[in-house]
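Mapped onto this note's numbering, the consecutive letters of the first sequence carry residue numbers 537 to 933.
Even glycine gets a Cβ: it sits at the ideal position worked out from N, Cα and C.
Report on one structure; see the data block that follows.
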Amino acid sequence: MSDFSYPHFRFDLLKKDPHSQARRGRLSTPHGIVETPAFIFCGTKASVKGIYPSQLKAAGTQFCLANTYHLMLQPGADLIEQAGGLHAFMGWDGPLLTDSGGFQVFSLGYGSVADEIKGKRNRISSVQKITEEGVIFKSYLDGSLKMMTPEVSIEMQQKIGADFIVAFDECTPYHSSRTYTECSLERSHRWETRSFEAFDRHNNGKQAFYGIIQGGVYADLRERSAEYVNSMPFFGHAIGGTLGASKEEMYYVVDLARRHLTSIRPIHLLGIGGISDIFEGVALGIDTFDCVHPTRIARHGGALVPFALRDHSVREHISLKRASYAQDFTPIDPTCPCETCQKFSRAYVHYLLKTREILAITALTLHNVFFMNRLMQSIREALDTGTFQELRKKWAL
RNA sequence: GGAGGGGUGGUCGAGUGGUUAAUGGCAGCAGACUGUAAAUCUGCCGGCGAGAGUCUACGUAGGUUCGAAUCCUACCCCCUCCA
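See the structure below:
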């Protein structure tokens, strides 16, 4: 396996920031180039909610992601294969990644994962059983029992046909004991090995494989996991699992995980996308990020804005549902080239939100996509020109 | 002129003798959202008070009652139908 190669993929490191681990890179795929650091937009169910692929592209988006868990349940991997693959099915011809579904199987199961890593909603456990073979879980659509294994996840991801696919792993909750985390980590490694073997059996050369580093908040386990993934012929690595309970802990864990990973492969940080988190992540050497946050807060009435336009000491967005915007006829961000900022006032977007016009969702999603892409663009330019630290300070709280 | 229906907190609208400062929705305020079961969820929402509490409240004015937004009387508005 050590001589495994990805002839249609490349990752080139172009420049390194002398004052941090930040790096400027370029990811080449069969569906185009991704300049890194980059943000990957979540189109979990084969759609970035609320906007067209053409709008995504026009907003400067390089890369999107979908989720194996959702797609295998509906419409099914076979149907996507029949459609000619995910790119054709969803009308996005740029680079795509599918997540393995591991996170969903566990986060939708252990309410605690969802509670601790993500929101605080109580969910009914859907995980029925975890065995060496895989996970038996209950479909959220019809309650039927499903078996998710490394082989199933990879088979689905090969049928779905994204450029990048991800190994099936177990995502442990924050409060997992060290003993459980270690046990889970070893099992995840065995699952990742099986994932890779399944991938290798039907590899058509058009997909590149990401391995996930686990280990929770435990330094030695992160190191052990890094040694494992480094030893496997993965194209890139994704940092997964719990990242702690606070921002400080998250940066600590990311640093822990990152420092032991080989520097020649692209590193993805799963599920992180706050503005300050991106600056910290880039500084720690992360190449790509994905997160539902920009598009989700858009649907909840939030517009990401530059530091100077914030109306709240810590919040990275403004809430246009507030009545205080009812008569604000200025754009969300006068420097933003998106159609929302060019044509619509805050007052109009506020009105669209209050009347629950669906255009509000499109308008804010489009803006936030532009915002994230412009942010990443500015980070890349800063890395190119050696001014990353200055830019980082400009955005610091 | 006759018959009927109705006036409830910012608003719409429940309640029809006592756990009622008064269900709900909306608006308002605050918070959350980070590998998307999320165009979602949570809290507050008459005044004063940190709080126990207290004051003012269901068109207006009286009355019945231990007790009324709820029953009675008069009056003032609004709506529908008939002439």
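query	result
Taking the beta strand (DSSP E) that V570 belongs to, which residues open and close that run?	568-572
Within its chain, find whatever has a CB closer than 6 angstroms to the CB of G579; leave out the 5 residues flanking it on each side and keep chain order.	C600, A602
Just to confirm the assignment: which complete alpha helix (DSSP H) runs, minimum length 4, are found wholly within the segment 835-918?	875-879, 882-890
Leaving out the 5 sequence neighbours to the left and right, which residues in its chain are closer than 6 angstroms to G751 when beta-carbon positions are compared?	L721, L757, R758, S761
Along the chain, where does the alpha helix (DSSP H) that runs through H623 open and close?	622-626
Can you check the segment 730-804 for any alpha helix (DSSP H) of at least 4 residues that lies completely inside it and give the ranges in chain order?	755-767, 783-795
Would you identify the three-state DSSP class for R657, choosing helix, strand or coil?	Model confidence at R657 stands at a pLDDT of 42, short of 50, so the residue's coordinates are unreliable; what they give is reported in the following sentence. Of the three classes helix, strand and coil, the one that applies to R657 here is coil, per DSSP.
Among all the DSSP beta bridges, which residues are the ones paired with T565?	G568
Please determine, among Y764, E718, H829, the residue with the shortest C-alpha to C-alpha distance to S812.	H829
Which two residues bound the contiguous beta strand (DSSP E) that contains F704?	Where F704 is concerned, there is no enclosing beta strand (DSSP E), given that its DSSP letter is neither H nor E.
Give a yes or no on whether the C-beta atoms belonging to D548 and R562 are separated by under 7 angstroms.	yes
With a 10 Å radius around its C-beta and 16 neighbouring C-beta atoms as the bar for buried, classify Y646 as buried or exposed.	Any reading at Y646 needs caution, since the residue's pLDDT is 43, under 50, leaving its predicted position unreliable; the model's value is listed next. Classification of Y646: buried, given that the 10 Å Cβ count is 16 or more.
Leaving out the 5 sequence neighbours to the left and right, which residues in its chain are closer than 6 angstroms to Y787 when beta-carbon positions are compared?	E816
At what residues does the beta strand (DSSP E) containing G634 begin and finish?	Going by the sequence as given, residue 634 is Thr instead of Gly. Unbroken beta strand (DSSP E) run through T634: 632-635.
L607 by DSSP, collapsed to three states: which one?	helix
Where does K585 fall in DSSP's three states?	coil
Hey, how far is the Cα of H804 from the Cα of G772?	8 angstroms
When you compare only the Cα positions, how much space is there between L820 and S556?	7 angstroms
By the 10 Å Cβ neighbour count, where 16 or more other Cβ atoms means buried, how is G709 classified, buried or exposed?	Strictly speaking, residue 709 in this sequence is Pro, with Gly absent from that position. Per the 10 Å Cβ criterion, buried.
Is the beta carbon of L919 less than 7 angstroms from the beta carbon of C874?	no
How far does the beta strand (DSSP E) with V671 in it extend, from its first residue to its last?	671-674
Evaluate E917 with the Cβ neighbour count: other Cβ atoms within 10 Å of its Cβ, from every protein chain shown; 16 or more gives buried, anything less gives exposed.	exposed
To the nearest angstrom, how far is the alpha carbon of P631 from that of I569?	8 angstroms
According to DSSP, simplified to helix, strand and coil, what is L601?	strand
Residues in the same chain with beta-carbon distance under 8 angstroms from F700, minus the five sequence neighbours each way, listed in chain order, please.	T565, P631, L632, L633, T634, Q743, A744, F745, Y746, F771, G772
Please state whether the Cβ-Cβ distance between I576 and D826 is less than 7 angstroms.	yes
Nearest by alpha-carbon distance to A574: which of E668, A932, F906, A619 is it?	F906
Could you compute how far the alpha carbon of H544 sits from the alpha carbon of H738?	16 angstroms
Can you give the Cα-Cα distance for G679 and F843, rounded to whole angstroms?	45 angstroms
Identify whether D548 lies in helix, strand or coil by the three-state DSSP scheme.	strand
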